[in-house]
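Participant: First, the structure itself, so that you have it in front of you.
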Amino acid sequence: MAAELKDLRVQAGLTTRAVAARVGFSSAGLNRSELGKRVPSLEEVGALLAVYSVVGKKRARILELTRAANTPGWWETGDLPRQVQLPALITFESQATRIVNFGPLLIPGLLQTHNYIRAVMRYGGIPEADAEVRIATRVRRQTVLTKSRGPSYLAILDEAALRRPIGGSLVMADQIRKLIEMSELPNVTIRAIPFRRGGYLAAGGFSLLNFSKATPIVFLDQRKVGAFLHKPDDTCAYQHYTDTMLKIALSAEESVDFLARMATDHERG
């Protein structure tokens with residue numbers, strides 16, 4: 001929400017002082033709202049959107065973001081994670097200085113191939129027309145890893161995510177070859193946790209995002225449930241999970257060798 005409000009103001013060519021004067025807010029309060037340090041009311045956001053000449057579906061979406069921002073933990077169910085949380089996640093990923101993805105059962109979205117994404121959508125019962133839109137959106141998200149000054153990216157993958165032949169053996173082999181290719185980027189690190197390393201303390205799949213000025217956030221994404229966590233106790237717990245998993249994961253070099261063996265196994269399959 002904060003990112004949206006700031007972008008709209010900039011697009012309107014207005015300073016925070018000019019906007020504050022028009023709507024009767026303090027410029028300090030508006031600055032805090034744009035930094036995500038203060039959640040404005042629906043009435044305040046409605047006034048800002050009027051100044052920015054935002055109407056229709058875009059206005060409705062930003063007002064929904066405002067309602068969601070007032071929900072502790074930002075838990076949402078049903079189709080709302082895709083409609084509301086995905087745009088926010090894309091913005092966060094574009095602004096992050098470091099991203100950690102943990103994939104216990106699936107390859108993280110930022111590393112998925114087209115065919116792997118299509119298979120995941122098919123298993124999820126997503127209609128083909130809708131799936132193509134989602135695939136295109138996910139592929140565009142992935143460009144964050146290859147842009148100049150992209151974030152430092154760490155993917156921690158359980159062997160289960162590498163063994164299960166999502167889309168079939170050849171699709172999976174191609175997906176793992178993509179992981180090896182991505183690991184060659186200077187800002188990308190992939191660490192695998194083989195079954196032989198035993199159990200470990202972890203949660204389900206998550207994204208941990210760090211920023212240069214803002215506090216970290218964690219995104220939890222399930223099929224029908226999504227949540228952003230931002231309280232220090234929550235984000236510190238997921239940093240602890242990350243540190244714990246890295247202690248038993250293969251090194252980056254060992255992980256590439258492990259991935260190559262997994263790809264070969266799928267190709268033989």
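Each residue of the sequence shown is one higher than the one before, counting from 1 in UniProt numbering.
Don't be surprised by glycine CBs; every beta carbon is placed ideally from N, CA and C.
Because the structure is a prediction, the values reported are computed rather than measured.
#1: Excluding the 5 residues flanking Glu254 on each side, which residues of the same chain have their C-beta closer than 6 Å to its C-beta?
#2: Would you say the beta carbon of Val256 is closer than 7 Å to some non-hydrogen atom of the ligand GTP?
#3: Quick one, are the C-beta atoms of Pro194 and Glu159 less than 8 Å apart?
#4: Which partner residues of Ala155 appear in the DSSP bridge assignment?
#5: Hey, quick one: how far does the alpha helix (DSSP H) through Val133 stretch, first residue to last?
#6: Under DSSP, the beta strand (DSSP E) around Ser207 begins and ends at which residues?
#7: Excluding sequence positions up to five away, which residues of its chain have a Cβ less than 8 Å from the Cβ of Gln11?
#8: Specify the secondary structure class of Gly226 as computed by DSSP and reduced to three states.
#9: What does the alpha-carbon distance come out to for the pair Leu154 and Ser169?
#10: Identify the residues that DSSP records as bridge partners of Phe219: which are they?
#11: What would DSSP say about Pro87, mapped onto helix, strand or coil?
#12: Who are the near neighbours of Leu8 in its chain, counting only those whose CB is closer than 7 Å to its CB and skipping five residues on each side?
#13: So for residue 276, helix, strand or coil by DSSP?
#14: Got a sec, what are the start and stop residues for the alpha helix (DSSP H) Gly29 sits in?
#15: I need the straight-line Cα distance from Ala173 to Val139, nearest angstrom please.
#16: Using only alpha-carbon positions, find the residue among Pro40, Leu246, Ile90 that is nearest to Thr143.
#17: Do you know whose CA, among Ala60, Ile99, Gly29, Leu42, lies nearest Pro216's CA?
Facilitator: Let's see:
#1: Here the set comprises nothing.
#2: No copy of the ligand GTP appears in this structure; indeed no ligand is present at all.
#3: Yes, these two residues count as a Cβ contact at 8 Å.
#4: Asn101, Ile190.
#5: Taken as a continuous stretch (DSSP letters only), the alpha helix (DSSP H) holding Val133 covers 128-142.
#6: 206-210
#7: Tyr52
#8: DSSP places Gly226 in strand when its eight states are reduced to three.
#9: 25 Å
#10: Phe219 is bridged to Ser207, Phe228.
#11: helix
#12: Tyr52, Val54
#13: Outside the shown range of the chain, which is 1 to 269, sits residue 276, and nothing can be said about it.
#14: Looking at the DSSP string, the run of the alpha helix (DSSP H) that includes Gly29 is 27-34.
#15: 19 Å
#16: Sorting Pro40, Leu246, Ile90 by C-alpha distance to the C-alpha of Thr143 places Ile90 at the top.
#17: Ile99
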